[in-house]
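Colleague: After the structure tokens below, expect a handful of questions from me.
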Amino acid sequence: MPSNYTFNASMSCSATSSTGYTQAQSGAFSLNLTQINQVESGRMEIGTSNTVVLAAPADTGIGKVVYMRNLDPVNFLEVHSVATVDTDVIAILEPGEWFFTILRDTQAVGASADTAVIDVEYFAVEIDTNA
Amino acid sequence: MAVQSTSFTASGTFSLTDANGVVVFSYSPAFTSQANAASLVLSTGEHLAGTTASEIALPEHNDDRVYCFVKHVDSDHSVEVSPALQEGTSKECADLKPGEFFFAPMELNSDGGGASITVGNGTSAQKIQYLLCDAIDN
């Protein structure tokens, strides 16, 4: 399997009040990833107990980029570092919402649904020390 | 009594391409939140993240959930984003090098020890830009 990759990310967001006041931000960047060992992507079920999304990076890995979108129409879920429910929460995703982050540590990433099993769309990619 | 109703929109594109030019994945998510009639604060700005973590969220922001976008706009060292005064611990939500960004609907008091968002850098002060908007409680 190839171990060198290019990761591209771009996003924009805006917040608007009922008065019409609007503020917006955007960003874009690329990462060149070398000799990485973990690329996770697709859809998965997140249970009400902890579900590991990405195991702790090993070898050359020094961190990860992580994205997750809640596909459930009703319930929310938590995403956390160190893969422990209700601890070190990174994001709380209501239906349809998503998050993206970069973490430069060797902790696993986990998620847990609040009420019932939730389907999510996600990727989690190990990054190396030079990225 | 007046209320400040806010809504939030986010869209992005993320892709991974291998050394042979094969696209491993590509995602283009987007959402627009429902109007939040309980919103108190929509704030944005530029902030110098010092060697001691400093706060970017006003106390009036919703501790339960805030849409948070942070972008590193400096040129040197990484910046840690945390839900409270936890810079340098395992509790950070993001660790950004120059040009990189982070976005999440965050719980500000997830560590039980504070109710803000802090940014910090252990080596030298770095500039970040941010956009924060109260979200509906989970």
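Those protein sequences? They're chains A and B, same order as listed.
Numbers 71 to 201, taken from this note's numbering, label the letters of the first sequence in order.
Numbers 5 to 142, taken from this note's numbering, label the letters of the second sequence in order.
Note that CB positions come from ideal geometry on N, CA and C, so glycine has one too.
The structure displayed is predicted, hence computed values, not measured ones.
List the residues of chain B that E191/A touches, going by C-beta distances under 9 Å, in chain order.
Modeller: Y31, P33
Colleague: How long is the line joining the alpha carbons of F106/B and A23/B, rounded to whole angstroms?
Modeller: Looking at the two C-alpha atoms, the distance is approximately 26 Å.
Colleague: Is V144/A helix, strand or coil when you go by DSSP?
Modeller: In the structure shown, V144/A sits in coil (DSSP, three-state: anything other than H, G, I, E or B).
Colleague: Along chain B, which residues have their Cβ under 8 Å away from the Cβ of M114/A?
Modeller: Chain B residues near M114/A: none, gap ~14 Å exceeds 8 Å.
Colleague: Tell me the DSSP secondary structure of Y91/A in three-state form.
Modeller: coil
Colleague: Tell me, which residues are paired with P109/B by DSSP?
Modeller: Y71/B
Colleague: Relative to the C-alpha of F146/B, which candidate in V85/B, D80/B, E64/B has its C-alpha closest?
Modeller: There is no way to answer for residue 146/B, as the model of chain B reaches only from 5 to 142.
Colleague: For S128/B, is the classification buried or exposed, using 16 other Cβ atoms within 10 angstroms of its Cβ as the cut-off for buried?
Modeller: exposed
Colleague: If we count the other Cβ atoms within 10 Å of its Cβ and call it buried at 16 or more, is A14/B buried or exposed?
Modeller: buried
Colleague: When the Cα atoms are used, what is the spatial distance from G126/B to T21/B?
Modeller: 33 Å
Colleague: Kindly give me the distance between the Cβ atoms of S37/B and F12/B, rounded to whole angstroms, as I take these residues to be in contact under 8 Å.
Modeller: 5 Å
Colleague: Going straight from the alpha carbon of E167/A to that of I116/A, what length do you get?
Modeller: Between the alpha carbons of E167/A and I116/A lies a distance of about 15 Å.
Colleague: Give a yes or no on whether the minimum CB-CB distance between T154/A and chain B is below 8 Å.
Modeller: no
Colleague: Nearest-angstrom Cα distance between T55/B and S82/B?
Modeller: 11 Å
Colleague: Alpha carbons only, please: which of F35/B, A53/B, H76/B, N66/B is nearest the one belonging to S47/B?
Modeller: N66/B
Colleague: Quick check for students: name the residue ranges of the beta strand (DSSP E) that lie wholly in the stretch 100-172 of chain A, counting only runs of 3 or more.
Modeller: Whole beta strand (DSSP E) segments, 3+ residues: 109-116, 121-124, 131-140, 147-151, 159-163.
Colleague: Consult DSSP for L52/B and reduce its assignment to one of helix, strand or coil.
Modeller: Strand, per DSSP.
Colleague: Alpha carbon to alpha carbon, what distance is there between G112/A and L141/A?
Modeller: 12 Å
Colleague: S19/B and V26/B: beta carbons closer than 8 Å?
Modeller: The criterion of a C-beta distance shorter than 8 Å is not satisfied by S19/B and V26/B.
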